[in-house]
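Top to bottom, those sequences are chains G and H. Going from the first sequence to the working numbering is simple: count from 1 and add 8. Going from the second sequence to the working numbering is simple: count from 1 and add 146. A virtual CB, placed ideally from N, CA and C, is assigned to each residue, including glycine.
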Amino acid sequence: MSTAPLPAAADGVGVSVRGLRHRYRTSGDELVVLHGIDLDVMVGGYVALTGPSGAGKSTLLSLLGGLEPLQEGSVDVGGRDLASLRGDELAVYRRETVGFVFQHYGLVPVLSALENVELSLALSGADRRARRSRAGSLLDAVGLGDRMEHRPAALSGGERQRVAIARAMANDPRLLLADEPTGNLDEDAAAQVLDLLESIRADRGCTLVVVTHNRSVAARAERRLRLDAGRWVA
Amino acid sequence: MRWADALRLALESATRRFGRTALTVLAVTLASALLVGLSTIVATANSRVFNQVSKGGPITAIRVAAARANPGQLETDDFRLGPPLRIDDQTLSGIAALPGVEAVAPVLDLDVLAVPPPEAGLREPIFDRMVGVDLRDAGQLPVTVLAGRLPAAGLSNETAVTLSYLDKLGLTADDPSVVLGTRVSFAHPQVIQTSSGPDYRGRWVWATIVGVVAQDAAPGMFLVSIEQTEADRAWALGGTGDANFEPLPESPYSAAIVVARSLGEVRGVRKSINDLGYATSAPEQLIANVQRYLKVVDIVLGAIGLIALIIAALGITNAMLAQVRERRREIGVLKAIGARDRDVLRVFLLEAGFVGALGGGAGTVFGVAIAAAVGAVVNGYLTQQGLQGITLSVPLAIVLAGVFGATALALVAGVLPARRAARLPAREAVGGA
């Protein structure tokens, strides 16, 4: 895989979580998924969150990424209290501060690789020429310069995930959140994706939080934290 | 997100689910086609019915007879004729000055003896009336050309005939053009009193039949330029007349056609003319009744089309709700990468609008085509019956309603699914705990 350097660099952000408690209501019952947890991630840190299914990993990632409002406790990302953000403010936070990488890639099937990356830039109002140029550079950087016009269905799993990473990087995020980024990939493709995420972190200094079931993936992180039933375990 | 980007995403999304989108568009197309087709047919029928009532002339035409009005004239559409009352140019000027009057056209009809060409095989001459009208302003007259054309204004050697002439010749109305180009000789009577009683003389002229018409200017099967009947009147006045069989045509004009500015002014104009003493005739009651019936038909057919459109709109809502259910994760991802609620709302509304506009546009074209096809069938039938065909009437309002109405309805139908999509939490992108 040949890659070009990623354009522009952004500093990471520190993350501070205090007393985070979260629950879901399902058919009248209340299910507590996070029991007042604390977490600190330093600027530019690399943390792997592990644990069994239902442990609360994805919920924690959602809360860090502003995908849903906080119920109890506080989350501070780069000095910004997420509890104070609502509606459009959360959308702006997600767009400007966070980059998401999902296990299912989350690509829009009808758009080409280039258009998928452009979509992220379109949401921030970039004009067509500028975003096309930047999306092209990002795809070059993840080694997909020759697959830009391909739709997701014509790409392998690893290639799709690299498109997703390019899209996540479109707005220079300071916090990169990856939810099982290698969950659907074979060993080689998984290694390539992790190499890419780590090189981005190294080049750009962004903070990286990865949720994974895979011990070998977790082993590559600087710090490994294990959640079980909404609590940290040793 | 910019509108252009939202539109592009909406179009991509609509075309991605081609089968579902095509079916939804088809439903809107059929509903719009039904609405536009029925409305066009109703509009054409309206125009046809009023055309028939007015014999092709203005629907606001009032006929004025050279006779006094009997009591109760205004209570009926028909003439209630009293004793003769002269109509001359001064009378016409007076009527033209009445409020609500748009135009006044004189009519002079006289007795005539007509002899068709020998090849027509008619042994007896025809005794009928010759109707002279001002052909310079034929648009204001209740005259419809069925074949050929109207006689040229001012010429005395051209005439148009009604279908009654074809009947006299034993011809059917299937092809009225067979009489075009044939000649007919006219004799206009002059009566002179002699010692042995009244003596009849004829002034003979011939004319070429240039058209077949339906006309309601005055009773008579020969329509000519008024200059011709004026010459004939002068000839008749050269004699003494016969009070019993051929009285002198004392009045310069035997009738007048008065055109009111609008249907609403017909009543007032008619009353004003009545106040001048003249008997009048206008299809007021008939038009009012026809309008009432057509309105009912309009409402019923419009409602059928509207119900079809509403059903199509419900189809759009249903299809889009299904899409929202299927695309929860995609919508979540859109939000995760920074889309606001209103961005998502915009994409879904544009998608609904696209389906509506496409279906509405196609439906309008299809609807007009259906109406044209129906019109062609009806025209075929009317021609077979020897009647004048119809001209398709497609009001701009119907076309606009077909396209923009369907789009607006689709947008309304898209509100619920779009709001539901916009309110989906960004967390849908992740799933699991």
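Closest by C-alpha distance to residue i, when choosing among the options
| i | options | result |
| --- | --- | --- |
| R223(G) | Y101(G), L122(G), V55(G) | V55(G) |
| P117(G) | R168(G), L68(G), G64(G), G191(G) | R168(G) |
| F550(H) | A567(H), G505(H), V324(H), L409(H) | G505(H) |
| V49(G) | G238(G), L75(G), H221(G), L233(G) | L233(G) |
| A605(H) | I516(H), L268(H), I272(H) | Residue 605(H) lies beyond the range of chain H shown here (147 to 579); nothing can be said about it. |
| D320(H) | L557(H), S331(H), N525(H) | N525(H) |
| L131(G) | S239(H), L452(H), L440(H), R154(H) | R154(H) |
| I205(H) | G448(H), R471(H), D274(H), R407(H) | R407(H) |
| I536(H) | T186(H), L172(H), A168(H) | T186(H) |
| V247(H) | T305(H), P262(H), V210(H), E396(H) | V210(H) |
| L538(H) | L546(H), G285(H), R488(H), G521(H) | G521(H) |
| G166(G) | F110(G), L90(G), L185(G), A226(G) | F110(G) |
| T354(H) | I453(H), G478(H), L231(H), P263(H) | P263(H) |
| S397(H) | I233(H), V358(H), G343(H) | I233(H) |
| L238(H) | V250(H), L546(H), G343(H) | V250(H) |
| R148(H) | E157(G), D135(G), G86(G), G144(G) | D135(G) |
Close-in-space but distant-in-sequence residues of the same chain around residue i (CB under 6 Å, 5 per side omitted)
| i | result |
| --- | --- |
| R231(G) | V55 |
| R492(H) | A152 |
| V241(G) | R234 |
| A20(G) | Residue identity differs from the one stated: residue 20(G) is Gly in this sequence, not Ala. Counting only Cβ-Cβ distances below 6 Å, and skipping sequence neighbours, we find V51, G52, R182, G213, C214, T215. |
| G513(H) | A179, V182, G183 |
| R162(H) | none |
| R295(H) | V356, G357 |
Residue i in three-state terms, based on DSSP
| i | result |
| --- | --- |
| D151(H) | helix |
| R94(G) | coil |
| V188(H) | helix |
| T34(G) | strand |
| L28(G) | strand |
| P563(H) | helix |
| S10(G) | No answer about S10(G) holds up, because its pLDDT of 47 lies below 50 and its placement is not dependable. |
| P217(H) | coil |
| A319(H) | coil |
| T175(H) | helix |
| A579(H) | Low confidence applies to A579(H): its pLDDT is 41, below 50, so where it sits in the model is not reliable enough to give any reading. |
| R569(H) | helix |
| T328(H) | coil |
| G183(H) | helix |
| L538(H) | coil |
| F108(G) | strand |
| R163(H) | coil |
| P229(H) | strand |
| L455(H) | helix |
| D236(G) | strand |
| T426(H) | strand |
| D224(H) | coil |
| D444(H) | helix |
Residues near residue i in its chain [Cβ-Cβ closer than 8 Å; skip 5 each side]
| i | result |
| --- | --- |
| S10(G) | The predicted position of S10(G) is uncertain, since its pLDDT is 47 and thus under 50; a value taken from the coordinates is nonetheless stated next. Cβ neighbours of S10(G) beyond the five flanking positions: G151. |
| W352(H) | N303, R329, V330, S331, F332 |
| L409(H) | I205, T206, I433 |
Same chain only: Cβ atoms within 7 Å of residue i, ignoring 5 sequence neighbours per side
| i | result |
| --- | --- |
| D96(G) | none |
| R444(H) | According to the sequence provided, residue 444(H) is Asp. The question's Arg does not apply to it. Counting only Cβ-Cβ distances below 7 Å, and skipping sequence neighbours, we find V188. |
| A16(G) | For A16(G), the predicted model reports a pLDDT of 48, less than 50, meaning its position is unreliable; a value from the coordinates is still stated below. Closer than 7 Å at Cβ, skipping near neighbours: D180. |
| V324(H) | L317 |
| Q161(G) | One detail in the question is off: residue 161(G) reads as Ala in this sequence, not Gln. Excluding residues within five positions, the ones whose Cβ falls inside 7 Å are P117. |
| S400(H) | A212, V253, L254, D255, A364 |
Task: Whole beta strand (DSSP E) elements within the region 340-424 of chain H, 3-residue minimum - done: For the region 340-424 of chain H, whole beta strand (DSSP E) runs of length 3 or above, ordered along the chain, are 343-361, 368-371, 401-406.
TODO: Quick one: which unbroken beta strand (DSSP E) runs of 3-plus residues sit fully inside the region 242-313 of chain H? Chain order, please.
DONE: List check, beta strand (DSSP E) in window: 247-261, 272-279, 289-294, 304-308.
Open item on the list: In chain order, what are the residue ranges of uninterrupted alpha helix (DSSP H) at least 4 long that sit wholly in the region 184-226 of chain G?
Closed with: For the region 184-226 of chain G, whole alpha helix (DSSP H) runs of length 4 or above, ordered along the chain, are 195-212.
TODO: Pick out the complete alpha helix (DSSP H) segments inside the region 37-79 of chain G, 4 residues or longer, and give them in chain order.
DONE: If only complete runs of 4 or more residues are kept, the region 37-79 of chain G shows the alpha helix (DSSP H) at 65-72, in order along the chain.
- [ ] Jot down the residue ranges of each uninterrupted alpha helix (DSSP H) in the region 491-522 of chain H, minimum 4 residues, whole runs only, in chain order.
- [x] As far as the region 491-522 of chain H is concerned, it has no whole alpha helix (DSSP H) run of at least 4 residues.
Open item on the list: Any contact between the region 247-260 of chain H and the region 363-373 of chain H? By contact I mean 3 or more CB pairs, one from each, below 8 Å.
Closed with: Judged by Cβ distances under 8 Å, the region 247-260 of chain H makes contact with the region 363-373 of chain H, as three or more pairs qualify.
TODO: State whether the region 462-475 of chain H contacts the region 99-107 of chain G, with contact taken as three or more CB pairs (one from each stretch) at a distance under 8 Å.
DONE: Because the criterion of three Cβ pairs below 8 Å is not met, the region 462-475 of chain H and the region 99-107 of chain G do not touch.
Open item on the list: Using a Cβ distance threshold of 8 Å, determine whether the region 424-444 of chain H contacts the region 221-237 of chain H, with at least three qualifying pairs required.
Closed with: Taking a contact to require three or more Cβ pairs closer than 8 Å, the region 424-444 of chain H and the region 221-237 of chain H qualify as touching.
Open item on the list: Measuring CB atoms only, is the region 494-508 of chain H touching the region 556-571 of chain H, in the sense that at least three cross pairs come out at less than 8 Å?
Closed with: Touching, yes, given that three or more Cβ pairs across the two stretches are closer than 8 Å.
Open item on the list: Counting beta carbon pairs with one atom in the region 122-140 of chain G and one in the region 169-178 of chain G, are three or more of them shorter than 8 Å?
Closed with: Short answer: they touch.
Open item on the list: Between the region 446-458 of chain H and the region 70-82 of chain G, can you find at least three pairs of beta-carbon atoms closer than 8 Å?
Closed with: Taking 8 Å as the limit for Cβ pairs, the verdict is that the region 446-458 of chain H does not touch the region 70-82 of chain G.
- [ ] Mind the definition here: the region 380-387 of chain H touches the region 334-348 of chain H only if three or more C-beta pairs lie below 8 Å; say whether that holds.
- [x] Yes: the two stretches touch, three or more of their Cβ pairs being nearer than 8 Å.
TODO: Jot down the residue ranges of each uninterrupted alpha helix (DSSP H) in the region 110-140 of chain G, minimum 4 residues, whole runs only, in chain order.
DONE: Correct list: 121-131.
Open item on the list: Three or more C-beta pairs under 8 Å: does that hold for the region 210-220 of chain H against the region 415-423 of chain H?
Closed with: Touching, yes.
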